[in-house]
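Participant: Below you will find the structure I want to go over with you.
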Amino acid sequence: SQLAVASSQDESKGFVDDSTLNVKMRNLYFSRDRRNDDRDPETGDRQSRQAEWGQGFIGTFESGFTQGTVGVGVDAIGLLGIKLDGGRGTTNTGLFPVDSEGRPEDSYSKGYGAVKARISNTVLKFGGQFTALPVFATDDSRLLPEAAEGFLLTSKEIEGLELNAGHFTRLDAQAQSYKDSIRGRNDAGIKNGGLTEANIFGGTYAITDGLSTSLYYSKVEDYWRKYYANVNWAVPLSDKQGLVFDFNIYDTKSSGAANVKAFDGDKLDNRAFSLSAAYNVGAHTFTLAYQKVTGDGDYAYGIDGGGTVFLANSIARSDF
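Encoded structure:
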């Protein structure tokens, strides 16, 4: 049987000694040709091209935990985006906010704070944070990342097993500085209200060094409930080569007011799955994947984080 791992809290060096401060600088140019797109359902306009260039700064501070049975600490996030190029006719790339005259802002910034507590190998964190769970993942595909506010419990008391439980009440868009700026869209393309409540639970278990499985559940108030499952098998061939087989599946159904529906007006009731095989050699990866969605509606995400699409055909800047 698996044994409990050594306590991280027992090994704490203290609030200051275990602290880390990181600043990431990111330069991004984004261009998209949209001449054949439909008109905006709210304005009736059609934008033929989107193109912006910017410099981003992502600062993260993570304190250590105080010593003792229960350790406490704080985390902080600071984000700054500076426009290098872009104008009124080429906005909406997801890089910058837009002012009342339709021009991209020259710069924007935002900050978040969180408190945390740890007992043994279990951490409870409350406040602004980034998340990377398959049913609630903040998006980091543009100049600055999304950020969520709420609490997340992460437990690693048993070797190879990680359990997560969370409750989130706010999600801020990458290119906005105001609260609750993520908006879902209904079947007519009109924006809905922001996130009011998302509850998540699940975990990942490493069966062997190369084989793991995950199960997660989420419910986003007035949008949907989701189940997610994953099996990942990594097979090393040599020190620099290996194969990775990955299976992912989401089961999504509308709930509550069902703010997002299928194109025919029905509530969401679908399964989205992908199966991939990847060959890794050195710094290179070659992947062959199959992905399919069945049932009513597309696979819906966004109000639960723009990164909540752990499927094979989701790549760094877009998904297919």
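Just remember that the working numbering sits 23 ahead of the position in the sequence shown, which is counted from 1. Backbone N, C-alpha and C define an ideal beta-carbon position, used for all residues, glycine too. In this text, all values refer to a predicted model and were calculated from it rather than measured experimentally.
1. Residue range of the beta strand (DSSP E) that V93 falls in?
2. DSSP on R141, reduced to helix/strand/coil?
3. Measuring straight from C-alpha to C-alpha, what distance separates S31 and S278?
4. Could you give the distance in angstroms between the alpha-carbon of V93 and the alpha-carbon of A312?
5. Below 8 Å CB to CB, which residues in the same chain sit around D210 once its five sequence neighbours on both sides are set aside?
6. Report yes or no: do the stretch 177-189 and the stretch 121-132 share at least 3 C-beta pairs separated by less than 8 Å?
7. In three-state terms, what does DSSP make of G79?
8. Is the number of C-beta pairs between the stretch 195-202 and the stretch 225-241 that are closer than 8 Å three or more?
9. Of the residues R294, K249, N255, G233, which one's Cα is nearest the Cα of Y239?
10. Assuming F119 and K106 are in contact, meaning their beta carbons sit under 8 Å apart, how far apart are those beta carbons, in whole angstroms?
11. Among all the DSSP beta bridges, which residues are the ones paired with T331?
12. Counting Cβ pairs closer than 8 Å, one from the stretch 109-119 and one from the stretch 145-155, do we hit at least three?
13. Please state the DSSP three-state secondary structure of R111.
14. Looking only at its chain, what residues have a beta carbon closer than 6 Å to the beta carbon of K133, apart from the 5 residues adjacent to it on each side?
15. Do three or more CB pairs link the stretch 331-340 to the stretch 290-305 at distances below 8 Å?
16. Alpha carbon to alpha carbon, how far is N255 from D269?
17. Run the CB neighbour count on V46, radius 10 Å, all protein chains shown included, and call it buried at 16 or more, exposed below.
18. Which value, in whole angstroms, describes the spacing of the CA atoms of Q314 and A252?
19. Do R57 and S35 have their beta-carbon atoms positioned less than 8 Å apart in this structure?
20. How many whole angstroms separate the CB atoms of D195 and A155, which I take to be in contact at a CB cut-off of 8 Å?
21. Closer than 8 Å, CB to CB, is A99 near chain D or not?
22. Three-state secondary structure (DSSP) at Y251?
Facilitator: To lay it out plainly:
1. Residue 93 sits at position 70 when you count from the first residue of the sequence shown. Taken as a continuous stretch (DSSP letters only), the beta strand (DSSP E) holding V93 covers 93-108.
2. Numbered from its first residue, the sequence shown carries residue 141 at position 118. In the displayed model, R141 falls within a strand according to three-state DSSP.
3. Taking the sequence shown and counting its residues from 1, the one referred to as residue 31 is at position 8. Taking the sequence shown and counting its residues from 1, the one referred to as residue 278 is at position 255. Between S31 and S278, the C-alpha separation is close to 39 Å.
4. On the sequence shown, residue 93 is found 70 positions in, with the first residue counted as 1. On the sequence shown, residue 312 is found 289 positions in, with the first residue counted as 1. When rounded, the distance between both Cα atoms is 45 Å.
5. Here the question's residue 210 lines up with position 187 in the sequence shown. Low confidence applies here, because D210 scores a pLDDT of 49, under 50, leaving its location unreliable and the question unanswered by this model.
6. no
7. As a working mapping, residue 79 is identified with position 56 in the sequence shown. DSSP places G79 in strand when its eight states are reduced to three.
8. no
9. Working through the sequence shown from its first residue, we reach residue 239 at position 216. Of the candidates R294, K249, N255, G233, the one whose C-alpha sits nearest the C-alpha of Y239 is K249.
10. The count along the sequence shown starts at 1 and reaches residue 119 at position 96. The count along the sequence shown starts at 1 and reaches residue 106 at position 83. Yes, F119 and K106 are in contact; Cβ-Cβ is about 6 Å, under 8 Å.
11. As a working note, residue 331 is residue 308 in the sequence shown. DSSP output for T331 lists no bridge partner at all.
12. no
13. Your numbering for residue 111 matches position 88 in the sequence shown. Looking at R111 - three-state DSSP - the assignment turns out to be helix.
14. Here the question's residue 133 lines up with position 110 in the sequence shown. Answer for K133: L102, S200, listed in chain order.
15. yes
16. As a first step, residue 255 is located in the sequence shown; it is residue number 232 there, counting from the start. As a first step, residue 269 is located in the sequence shown; it is residue number 246 there, counting from the start. For N255 and D269, the distance between alpha carbons rounds to 5 Å.
17. Here the question's residue 46 lines up with position 23 in the sequence shown. Label assigned to V46: exposed.
18. The sequence position of residue 314 within the sequence shown is 291, counting from 1. The sequence position of residue 252 within the sequence shown is 229, counting from 1. Each residue's alpha carbon lies about 15 Å from the other.
19. The residue you call residue 35 lines up with position 12 of the sequence shown. The residue you call residue 57 lines up with position 34 of the sequence shown. No, these two residues do not count as a Cβ contact at 8 Å.
20. Sequence index remark: in the sequence shown, residue 195 carries index 172 (1-based). Sequence index remark: in the sequence shown, residue 155 carries index 132 (1-based). Not quite, the Cβ-Cβ distance comes to about 16 Å (not below 8 Å), so this is no contact.
21. The chain inventory of the structure shown lacks chain D, comprising one protein chain alone.
22. On the sequence shown, position 228 is the one that residue 251 refers to. The answer is strand: DSSP assigns Y251 an E or B state.
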